[in-house]
Amino acid sequence: MLSWMTTAAVGLAVPPMLPGIVDWRWPAVAAVLCLVPWRSHRLRHLPVLLLAFAYSADYCQHRLEQLPPASQAFADMEFDALVLGPVERRGTAAASYYRFAVQLLPGQCAGDYCPPGAPRFRLNYYGESAPQAGQWLRMRMRVKPPQGSVSAGAFDYGRWLMANGYAGRGYVREILAPLPIAPGRRASFQQWRSALLERGRVALDGYAQQGLMRALLFADRRDITSSQWQRFAATGTSHLMAISGMHIGIVLAWGFALARLWVGLGRGGRYSLLMGPLLALLAAIVYGAMAGFSLPTQRALIMALVLCVALLSHRRIGSWQGWQAALLLVLLRDPMVVHSAGFYLSFAAVAALLLIAMDKPRRRWRWLQAVDVQARLLLVLLPVMALWGFSQSPAALPANVLAIPLLALLIMPLLFVGLLCSFVSLEALSAALFGWVDAILTGLLHYLHWLEGLPQWQPVLTPEALWALLLVTLLVLLPRGLPGRPLVALLLLVAVLQAPSGPPADSMWLTVIDVGQGLSVLVQHRDRALLYDVGPDFDGGYNSADGVVLPLLRRRGVHFLDRLVLSHGDRDHAGSAAALLAALPVGEVLSGDVGRHQRYGARDCHRALPWRWGALSLQFLAHGGANARRSNNRSCVLLLRLGDSAVLLPGDIEADGERRLLANWPVPQSLTLLLAAHHGSRSSSSAAMLAAAMPGDVVFSASRFNRYRHPSEVVVQRYGNLGAQCWQTGRHGSLRFEIDGRGIRRRWQAQRGQFFWQARPQEMCAVADSALR
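Numbering (the working numbering), first residue to last: 56 to 828.
Given below as structure tokens:
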């Protein structure tokens, strides 16, 4: 049984990871052929593999057909849709907007887009009042295919959308009218949960940690502050607020405990043996409903269902068979779950706990055994977390050793009882229980704040480091008494001390980082590093420094910046500066807009003298930027020279700034690499500038489908006429160029286009933007 399920799980997991779609009919026909009697007995598992592969391939094809075409990314489309809660209010008090998910009514078309099924989208709405969860509305919207930053260690929003069942993202242009559609099960559930969230908000109003309490009760994380998220991330406790397997397991355990208490009181009767599984499963389902049946919750509920069905059927189903059955059911529910980090962490954690449970040493103190289990679990998960780009900290063990028991034994039981008391009008008891939880959470946050200062470690993904972490996992899971355990410390030291390779001594690496619609460029030469701009931040709390730039720097082993250049004050270039400076030491900050960056101690780049790092010379070019009226024309223009190679980073200067720059043009030869000014806007990249620069390679730092439609087709054509090779971060991901004294030696690009829903990168100055599929 175990091997059949293993084979099917592998077949389900493969198609979502492929760069293209395989026609499901071919593996289906092959499976039928494998069933004929003359086939070898050794191939008995092959039909299962092929049928699972065919099912998954057909599912991927269906998901691909739900994606909006690239050709309609800027077109208004009208759809009837159900609003899915919760509706989040984001931004500032002066400029707020709403974010929510919608599910389209099946069978609709808008232009060339006729999606099958009922696709879901994640939308922003900038209207005055928020729609209500559970409403059917006719909306005019603009939607785009899933797209995110593709860079080493960065969070890929597009991949997250696909893994969580969305067909894309966009915004609502106008809510046209409510629809006279009967609520139905989906709408009724959304309305029930919305009412529950509002009732919970009223019950928890006034408590200092009400945001955390709502997150634990309803998976409503709207009021968790960015500083709290940073504290959880720094201490390895973010999973406490991500309602998934651990929380469902806690509720399941309390359900069994209550059933046992009830039976112990002589109340179970002839149904005593059924009380535990039924009550536990019912409690888990109710909690899953309160959490909105999110995908992580669904995974945990499937695992709980397997356990309870095994107990109810009185069958001797082994732990590993139950684990494998849950894995198979989760993949059948949604094969795209293989693109979720939570999927790997959940099943790896359960597998590790099963293996650890097989090794039961007798201990005098149970708390020592709990610490031992937690430590071994954290070590086992290190390779998975390293592959998904999660940083590690020594704070994770002491933080989780205290936080998990508090959550399981005190916080969640008190929260549920308090909520129940508030529903039956026992306000005094409810207030007392919520007050205790508030005090416990406040104390826990203080404890995490104390641990937050411990250093974090970002694993370097060298083969040596990964092999060392895998050997750590193997040794930790070995039964006690077998030799090798003392090697764990040595292997961890090997993984920690692994340093990524840097540029050769005679070269520099220039990386244009994919920060979306913004700019950030990393220059490395020997042991020196300069960052030119840091990318945008957003009112919702996200910033590209934490999300993209810092993970890349850690992967490269850059823990100190010699210089940070903020080309000018616009938010898409310098918005994330505060977050970067709070996380990384910087030798000197230079700015083209000193007045807006005084809080960083910035020095005026227009007055900075040229300097050298070994063979690399760096110079800010004069173009009258210090006196420019427009912010774009105050940009620092940085020229880098290495032998006969020259690279120009012009920021956002426009045609007027380019004209003044050309009056003192210091580069007699053609540029090796040019960062297109102002993201390729028509206001820049004038014909005169291009005639002087004659670049061999051009990079447009612009997201795909950005609202400014950068780069301009006219500008792209100009570069194409020069014969330049063109790149765009929104199409190619982060781009790294190895440049020596003779030119560009090598070009690397992030792996955009490696999955079936992603656009294949193309040479954009020669080929127009194509549809996604």
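We treat Cβ as the ideally placed atom computed from N, Cα and C, and that holds for glycine.
Is the Cβ-Cβ distance between residue i and residue j less than 7 Å?
| i | j | result |
| --- | --- | --- |
| residue 361 | residue 377 | yes |
| residue 788 | residue 142 | no |
| residue 307 | residue 275 | no |
| residue 622 | residue 647 | yes |
| residue 803 | residue 786 | no |
| residue 715 | residue 661 | no |
| residue 162 | residue 104 | no |
| residue 891 | residue 230 | This structure does not reach residue 891, given that the chain is present from 56 up to 828, and the question cannot be answered. |
| residue 559 | residue 612 | no |
| residue 332 | residue 367 | yes |
| residue 546 | residue 523 | yes |
| residue 628 | residue 588 | yes |
| residue 816 | residue 208 | no |
| residue 233 | residue 178 | no |
| residue 740 | residue 770 | yes |
| residue 109 | residue 79 | yes |
Per the DSSP calculation, residue i is bridged to which residue(s)?
| i | result |
| --- | --- |
| residue 135 | 193 |
| residue 563 | 794 |
| residue 579 | 564 and 584 |
| residue 641 | 616 |
| residue 695 | 673 and 702 |
| residue 687 | Paired residue(s): none; residue 687 is not in a bridge. |
| residue 621 | 646 |
| residue 143 | 154 |
| residue 598 | 592 |
| residue 298 | Answer by DSSP bridge pairing: none, since residue 298 is not bridged. |
| residue 799 | 794 |
| residue 168 | 165 |
Just curious, the beta strand (DSSP E) that residue i is in, first and last residue?
| i | result |
| --- | --- |
| residue 667 | 666-668 |
| residue 730 | 728-730 |
| residue 155 | 151-159 |
| residue 813 | Neither: residue 813 is in no beta strand (DSSP E) and is coded neither H nor E. |
| residue 820 | Element bounds for residue 820: n/a, residue is neither H nor E. |
| residue 782 | 780-783 |
Go ahead and label residue i buried or exposed: buried means 16 or more other beta carbons lie within 10 angstroms of its beta carbon, across all protein chains shown.
| i | result |
| --- | --- |
| residue 826 | With a pLDDT of 34 at residue 826, under the threshold of 50, the modelled position of that residue is not reliable, and the figure given next carries that caveat. Per the 10 Å Cβ criterion, exposed. |
| residue 358 | buried |
| residue 70 | buried |
| residue 164 | exposed |
| residue 373 | exposed |
| residue 823 | Confidence at residue 823 is low in this model, with a pLDDT of 40, below 50, so its placement is unreliable and the value that follows should be read with caution. Flag for residue 823 reads exposed. |
| residue 413 | exposed |
| residue 735 | buried |
| residue 62 | buried |
| residue 665 | exposed |
| residue 455 | buried |
| residue 551 | exposed |
| residue 319 | exposed |
| residue 131 | exposed |
| residue 243 | exposed |
| residue 281 | exposed |
| residue 753 | buried |
| residue 682 | exposed |
| residue 483 | exposed |
| residue 579 | buried |
Let me see if you follow: with CB-CB separation under 7 Å, is residue i close to chain C or not?
| i | result |
| --- | --- |
| residue 119 | Included in the structure is just one protein chain, with no chain C present. |
Grab the span of the alpha helix (DSSP H) containing residue i for me, first residue to last.
| i | result |
| --- | --- |
| residue 115 | 101-121 |
| residue 357 | 350-367 |
| residue 180 | No alpha helix (DSSP H) contains residue 180, which is instead part of the beta strand (DSSP E) from 175-180. |
| residue 806 | Segment: none, residue 806 is in no alpha helix (DSSP H) and carries neither H nor E. |
| residue 82 | 80-89 |
| residue 279 | Segment: none, residue 279 is in no alpha helix (DSSP H) and carries neither H nor E. |
| residue 626 | 626-629 |
| residue 528 | 518-532 |
| residue 183 | Looking at the DSSP string, residue 183 is not in any alpha helix (DSSP H), and its letter there is neither H nor E. |
| residue 609 | 605-611 |
| residue 655 | No alpha helix (DSSP H) contains residue 655, which DSSP labels as neither H nor E. |
**OP:** For the stretch 191-243, list the alpha helix (DSSP H) runs that are entirely contained and at least 4 residues long, ordered along the chain.
**Re:** 212-218
Subject >> Entirely enclosed alpha helix (DSSP H) segments - the stretch 387-464, minimum 4 residues >> reply: Counting whole runs of 4 or more residues, the stretch 387-464 contains the alpha helix (DSSP H) stretches 396-412, 421-435, 437-442 and 451-461.
Subject >> Complete runs of the beta strand (DSSP E) confined to the stretch 483-515 [at least 3 residues] >> reply: none
**OP:** Give, in chain order, every unbroken run of the beta strand (DSSP E) that is at least 3 residues long and sits entirely within the stretch 708-751.
**Re:** 728-730
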